[in-house]
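These notes are about the structure you will find just below.
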Amino acid sequence: MTDHPGWAATDLSSLKAISTGSTIVPPHLIDRFVVRGVPVLQVYGSTETCPIAIYTRLGGDLSREGSTGLPGLCCEAALVDDAGNELPPHVAGEIAVRGPNVFVEYWGNEEATREALRDGWYRTGDIGRRDADGYFWVHDRKKNLIISGGENIYPAEVERVILEHPDVSECGVIGRADPRWDEVPIAYVIRRKGCQVEAEDLKAHVESQLAHFKVPRDIVFVDDLPRTALGKVQHFLLKRLDARSPASGDTL
């Protein structure tokens, strides 16, 4: 929408707010609406939380860039470690939710229910953080985390930086097995129509903003990315694609 030639001249005076969900929205995209005077309300939740757990409110504090807001009415949210211990502000951990909005069980799957519901909390499988005022940020899916040489890399963070490049339309970042580092980040990128940005240009762009170990080892240009019906990049399918991909930097 914001790439449409008529975007800058479109009258948005009747648009009071826009709400986003399903996936992490990069800050630069949010800014395109904010500079036009349209607040962006981020919503976080899942089917298991029926569906909203954390959200930003119209008329509330929208100054925290990228925040998904505060827990909803009658809903609690916390950040926990693998043992279920609650973590202090500004420490990344798994988002856990409890309240009357949380599901009771996965029908016919006791094992999955026990894994997801622990001590009354629903373990979402999402990594995030919160500040001292209780505002939450979502980093990435726990299962998408890349561990390279003992360092944690959140694909969504690398994707956000790549998407800020003006010649990039879409991207997805995954981990590839590596004999030295265990895993290294790999980026699959869709160029904007008519643009010819090269892999080395994007690597330099990422390194200008992130630590060297977060720079994708390979960048593969593709015409499409596997997505769910809700528009989320299916990272597990990218991993399958990567297992049979051609040489670094080639276009698939």
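If you count the sequence shown from 1, position 42 lands on 179 in my numbering, and the numbers rise without skipping.
The C-beta atom is built at its ideal place from N, Cα and C for all residues, glycine as well.
CA nearest to the CA of residue i, picked from the options
i	options	result
Thr139	Ile161, Arg173, Ser151, Ser150	Arg173
Thr205	Arg235, Glu307, Gly182, Gly257	Gly182
Cys187	Arg251, Leu300, Gly236, Leu178	Gly236
Thr394	Asp355, Glu185, Pro208	In the structure as shown, the chain starts at 138 and stops at 389, and residue 394 therefore has no counterpart that could be examined.
Lys279	Tyr243, Arg201, Val217	Val217
Gly265	Ala215, Glu335, Lys376	Ala215
Between the CA atoms of residue j and residue i - distance to the nearest angstrom
i	j	result
Asp219	Gly331	46 Å
Glu337	Thr193	38 Å
Trp190	Cys211	According to the sequence displayed, residue 190 carries Ala and not Trp. Near 9 Å, if we compare the C-alpha coordinates of Cys211 and Ala190.
Ala348	Thr365	30 Å
Trp144	Leu166	13 Å
Ser306	Arg329	5 Å
Gly286	Asp277	19 Å
Arg381	Lys369	22 Å
Gly257	Glu223	13 Å
Thr147	Phe273	32 Å
Pro303	Pro322	21 Å
Gly309	Gln333	18 Å
Ala384	Arg354	Only weak support exists for where Ala384 lies, its pLDDT of 45 falling under 50; the coordinates are left without a value.
Val295	Asp360	20 Å
Glu248	Glu213	24 Å
Ala293	Ser345	17 Å
Phe240	Phe358	40 Å
Trp318	Leu149	49 Å
Ala253	Trp244	13 Å
Asn238	Gly209	10 Å
Glu301	Ala341	13 Å
Asp198	Ser151	21 Å
Arg377	Arg201	36 Å
Glu242	Leu374	27 Å
Ser156	Ile327	25 Å
Asn246	Glu335	47 Å
Glu320	Glu288	10 Å
Contact check, residue i vs residue j, beta carbons under 8 Å
i	j	result
Val175	Ala154	yes
Lys351	Ile290	yes
Gly203	Val180	no
Tyr325	Leu362	yes
His372	Ile284	no
Pro226	Arg267	yes
Ile161	Val275	yes
Arg313	Asp270	no
Leu178	Leu195	yes
Arg297	Pro142	no
Gly221	Arg255	yes
Ile356	Leu339	yes
Identity of the residues DSSP links to residue i by a beta bridge
i	result
Asn281	In the DSSP output, where bridge partners are listed per residue, Asn281 has none listed.
Ser156	Leu178
Asp315	Asp319
Tyr259	Val234, Leu254
Glu213	Arg235
Asp148	The partner list for Asp148 (beta bridge, DSSP) is empty, contrary to what the question assumes.
Tyr325	Gly309, Val357
Tyr265	Rather than Tyr, the amino acid found at residue 265 in this sequence is Gly. Beta-bridge pairing links Gly265 to Gly230, Val275.
Pro417	The chain is shown only over 138 to 389; residue 417 falls outside these bounds and no answer can be derived.
Asn289	Ile284
Practice task
Give a yes or no on contact between the segment 257-266 and the segment 229-238, applying the rule of three or more CB pairs nearer than 8 Å.
Solution key: yes
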